[in-house]
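Residues 1127 to 1525 (the numbering used here) make up the sequence shown, in order.
The beta-carbon is built from N, C-alpha and C at its ideal position, and this holds for glycine as well.
A quick write-up on the structure given underneath.
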Amino acid sequence: MDLTRPDDPISIFISADEWRDITSWMHASLERNELSPQGHFLLECSGSKRIWVAGDGIQATVVHGEGLAPRGLDPATPFCVLVNSRFFRHRAPRDAILTVTSRDDGRVQTFETGGVDITLPEHPGDFCDWRAVLDGVNGIQVEVESTGLRDACSAASLVPFGVESDALVHAWICVRDGRLRLESPWIGYPSTTIDVPLLTAAPPESVPALVDVGRLIGLLTPIDLERMTIVMPESPMSPLGLRAGRYEAVLMPVDRWGSHREHLEQLLRGFLGVDTINADDDGDYPVTTPEGHEMWVRLQTASQPISVQVFSVLASGVDPHPELFEELNAINAAAAHIKVMWAAGAVMAEIDLVAEALDEAELANALQVVRRTAEEYRHVLGAFFGGAAGSGDERTPES
């Protein structure tokens, strides 16, 4: 994102209605980390037109509106600013002035309302390409009554008696038999299935996608029009789109890395020569060596790019001390393409691979390298630095 940095202060009038939107529902799309650019609101101004954006990587909201053109700037010059969310917390919405001043060490924001000024530095990072996020919403478009969809989502979010009341509710959403269907599955209980009439004549059926119902309800909150448009996901990993008047929203499916997981499982089935392979409760795939030691393969979705981690526990219950880290440094200096590290009382050997480019030969090589490293150092580390030689069961997540 290209943030314009004029020399003179730029002042933007923010109405109480804009502030009310931010505090009442838009804040739900913020990433809960102010150190991230997505922990701030993006405001884009072009003359009297303005756009507010918030997104946390799972959902995004975009609101188009009108307002006074920024002062101190040519009306034809677009202006972008990452507005700190602290300005809008725990205060009654009212008209305010946001002034952005450029300094040698970056831009500074001053938020003035009711005679009180709050000054904070602007985040120096780049907001996500929200236009690309909206452009990625491509699928069957259907129209529904807004109230009907809200009622359906409320019904889909009901937790059966006997299930933890604060359980996170997921539901499949799709077009079936000319209606919008929401289906919430429950282990040991009947699924909740709700069909919503469509205002679109004879729509084609769509692929079911799993979504977080609570997030979907939150994204429906600001819609005050009778009708709204839903853009159904093209695949189980594609986003769901909502549109109504000046408002647009995007919700990613729960398993948006399903294609990466399917690819990894296919490679593991080929390597192991089996027809099926299942992840355990931690989402890891076990691979047992002929010697009986466990290795694990994990899809790391928190990393960018998404990676596949092959690892084994060499020793558990190991206390950290200088001699241990000297030994680990020596091992890492001699062993290319693999890391041996200590974390949370365990010593692990691991290799990280780029998920998208991974093939069976690369995965097989990584498993062989981790196996050889584990066999070479497992008993040595356990014997010299305390703890027990690991079998792979004592896993420690790598952050």
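| request: Could you please give the first and the last residue of the uninterrupted beta strand (DSSP E) stretch that includes ARG1369? | output: Locating residue 1369 in the sequence shown gives position 243, where the first residue counts as 1. 1366-1370 is the extent of the beta strand (DSSP E) around ARG1369.
Proximity to LEU1113 [Cα-Cα], best of ALA1483, ALA1459, VAL1473 and GLY1183 = Because residue 1113 is not part of the residues shown, which for the chain are 1127 to 1525, the question remains open.
Point to revise | Inside the region 1424-1492 only - alpha helix (DSSP H) runs reaching at least 4 residues | key: If only complete runs of 4 or more residues are kept, the region 1424-1492 shows the alpha helix (DSSP H) at 1448-1460, in order along the chain.
Original post:
Given ARG1176, which residues of its chain have a CB within under 6 Å of its CB, disregarding the five upstream and five downstream residues?
Top reply: Numbered from its first residue, the sequence shown carries residue 1176 at position 50. So the list reads GLY1191 and GLY1193, once near-sequence residues are dropped.
Checklist line | Cut-off 8 Å between Cβ atoms - residues of its own chain near ARG1229, not counting five sequence neighbours on either side | finding: Along the sequence shown, one-based indexing puts residue 1229 at 103. Within the same chain, ARG1229 has no close Cβ partners at all.
Check: Per DSSP, THR1347 forms a beta bridge with which residues?
Finding: Looking up residue 1347 in the sequence shown gives position 221. Paired residue(s): none; THR1347 is not in a bridge.
When DSSP builds the beta bridges, which residues end up paired with ALA1258?
The residue you call residue 1258 lines up with position 132 of the sequence shown. Among the bridge pairs identified by DSSP, ALA1258 is matched with none.
Notebook entry, point to check: Between VAL1270, GLU1331, GLU1391 and MET1378, which lies nearest to ILE1351 when the distance is taken from Cα to Cα?
Noted result: For the purposes of this step, residue 1351 is taken as residue 225 along the sequence shown, with counting starting at 1. The question names Ile, yet the displayed sequence has Leu at residue 1351. Nearest neighbour of LEU1351 by Cα position, chosen from VAL1270, GLU1331, GLU1391 and MET1378, turns out to be VAL1270.
| Whole-angstrom distance between PRO1334 and ILE1244, CA atom to CA atom | Position 118 of the sequence shown, counting from 1, holds the residue named residue 1244. Position 208 of the sequence shown, counting from 1, holds the residue named residue 1334. Taking C-alpha positions only, ILE1244 is separated from PRO1334 by approximately 47 Å.
Determine the DSSP secondary structure at PHE1213, reduced to helix, strand or coil. Numbered from 1 along the sequence shown, position 87 holds the residue referred to as residue 1213. Looking at PHE1213 - three-state DSSP - the assignment turns out to be helix.
Practice task
Pick out whichever of LEU1275, THR1347, ASP1261 and LEU1393 has its Cα sitting closest to the Cα of PRO1323.
Solution key: On the sequence shown, position 197 is the one that residue 1323 refers to. Measuring C-alpha to C-alpha distances from PRO1323 to each of LEU1275, THR1347, ASP1261 and LEU1393 identifies LEU1275 as the nearest.
message = By the DSSP assignment, the alpha helix (DSSP H) with GLY1265 in it spans what residues?
response = As a position in the sequence shown, residue 1265 is number 139, starting the count at 1. Unbroken run through GLY1265: none, as it is neither H nor E.
Item to check | Residues that HIS1190 bridges to, as DSSP identifies them | outcome: Locating residue 1190 in the sequence shown gives position 64, where the first residue counts as 1. Paired residues: ILE1177.
If you run the structure through DSSP and keep just helix, strand and coil, what is TRP1298? Taking the sequence shown and counting its residues from 1, the one referred to as residue 1298 is at position 172. It is a strand residue.
### Message
Assess contact between the region 1287-1303 and the region 1222-1237, defined as three or more Cβ pairs (one per stretch) separated by less than 8 Å. Is contact present?
### Response
Verdict: no, contact absent.
Item to complete: From the DSSP output, read off the bridge partner residues of TRP1151.
Response: Position 25 of the sequence shown, counting from 1, holds the residue named residue 1151. Paired residues: none, contrary to the question.
### Query
In three-state terms, what does DSSP make of LEU1342?
If you number the sequence shown from 1, residue 1342 lands on position 216. Correct three-state label for LEU1342: helix.
**Item:** Three-state class that DSSP yields for ASP1407 in the structure shown
**Value:** In the sequence shown, counting from the first residue as 1, residue 1407 sits at position 281. Three-state DSSP puts ASP1407 in coil, outside helix and strand.
### Query
How many angstroms separate the CA atom of ALA1459 from the CA atom of TRP1298?
Looking up residue 1459 in the sequence shown gives position 333. Looking up residue 1298 in the sequence shown gives position 172. Those two C-alpha atoms are separated by around 49 Å.
Compute the beta-carbon to beta-carbon distance between ALA1375 and THR1355, rounded to the nearest angstrom, for a pair I have assumed lies under 8 Å.
Start at 1 with the first residue of the sequence shown, and residue 1375 comes out as number 249. Start at 1 with the first residue of the sequence shown, and residue 1355 comes out as number 229. Going by Cβ atoms, the distance from ALA1375 to THR1355 rounds to 11 Å, so no, they are not a contact pair.
Cβ-based burial, VAL1480 [other Cβ within 10 Å; buried from 16]: The residue labelled residue 1480 in the question sits at position 354 within the sequence shown. The residue is exposed, with fewer than 16 neighbouring Cβ atoms inside 10 Å.
inquiry  = Between which residues of its own chain and ILE1184 is the CB-CB distance below 6 Å, once the five residues before and five after are set aside?
reply    = As a position in the sequence shown, residue 1184 is number 58, starting the count at 1. Same-chain partners within the cutoff: MET1378.
query = ASP1243 by DSSP, collapsed to three states: which one?
reply = Numbered from its first residue, the sequence shown carries residue 1243 at position 117. If DSSP states are grouped into helix, strand and coil, ASP1243 belongs with the strands.
- prompt: If you run the structure through DSSP and keep just helix, strand and coil, what is ALA1119?
  reply: Here the chain comprises residues numbered 1127 to 1525, so residue 1119 is not present and cannot be evaluated.
### Query
Among the residues of its own chain, which have a CB less than 8 Å from the CB of ASP1143, if the five just before and after it don't count?
Working through the sequence shown from its first residue, we reach residue 1143 at position 17. The residues are PRO1219.
Review point. From which residue to which residue does the beta strand (DSSP E) around ARG1220 run?
Key: Sequence index remark: in the sequence shown, residue 1220 carries index 94 (1-based). No beta strand (DSSP E) contains ARG1220, which DSSP labels as neither H nor E.
query: Given SER1174, which residues of its chain have a CB within under 6 Å of its CB, disregarding the five upstream and five downstream residues?
result: Locating residue 1174 in the sequence shown gives position 48, where the first residue counts as 1. Cβ neighbours of SER1174 beyond the five flanking positions: GLU1192 and ALA1195.
_CA-to-CA distance, LEU1199 to PHE1205, given in whole angstroms_ = Walking along the sequence shown from the start, residue 1205 turns up at place 79. Walking along the sequence shown from the start, residue 1199 turns up at place 73. So the two alpha carbons sit approximately 8 Å from each other.
- Task: Check the DSSP bridge columns for GLN1185 and list the partner residues they point to.
- Result: Stepping through the sequence shown from its first residue, residue 1185 is reached at position 59. DSSP output for GLN1185 lists LEU1377 as bridge partner(s).
### Task
With a 10 Å radius around its C-beta and 16 neighbouring C-beta atoms as the bar for buried, classify LEU1454 as buried or exposed.
Mapped onto the sequence shown, residue 1454 falls at position 328. Burial call: buried.
Best match in ASP1407, ALA1500, HIS1153 and GLY1396 for proximity to LEU1420 [C-alpha to C-alpha]
For the purposes of this step, residue 1420 is taken as residue 294 along the sequence shown, with counting starting at 1. Inspection of the sequence shows that residue 1420 is occupied by Glu rather than by Leu. Out of ASP1407, ALA1500, HIS1153 and GLY1396, ALA1500 has the C-alpha closest to the C-alpha of GLU1420.
*Among PRO1348, PRO1201, ASN1491 and THR1402, which residue has its Cα nearest to the Cα of ILE1464?*
Walking along the sequence shown from the start, residue 1464 turns up at place 338. Of the residues PRO1348, PRO1201, ASN1491 and THR1402, the one whose Cα lies closest to the Cα of ILE1464 is ASN1491.
For MET1127, count neighbouring C-beta atoms within 10 Å of its own C-beta (all shown protein chains included) and say buried if the count is 16 or more, exposed if not.
Against the sequence shown, residue 1127 aligns to sequence position 1. Confidence at MET1127 is low in this model, with a pLDDT of 42, below 50, so the placement of that residue is unreliable and no value is reported for it.
- Message: Just to confirm before moving on: does the CB-CB distance between VAL1496 and PHE1437 stay below 8 Å?
- Response: Against the sequence shown, residue 1496 aligns to sequence position 370. Against the sequence shown, residue 1437 aligns to sequence position 311. Closer than 8 Å, so yes.
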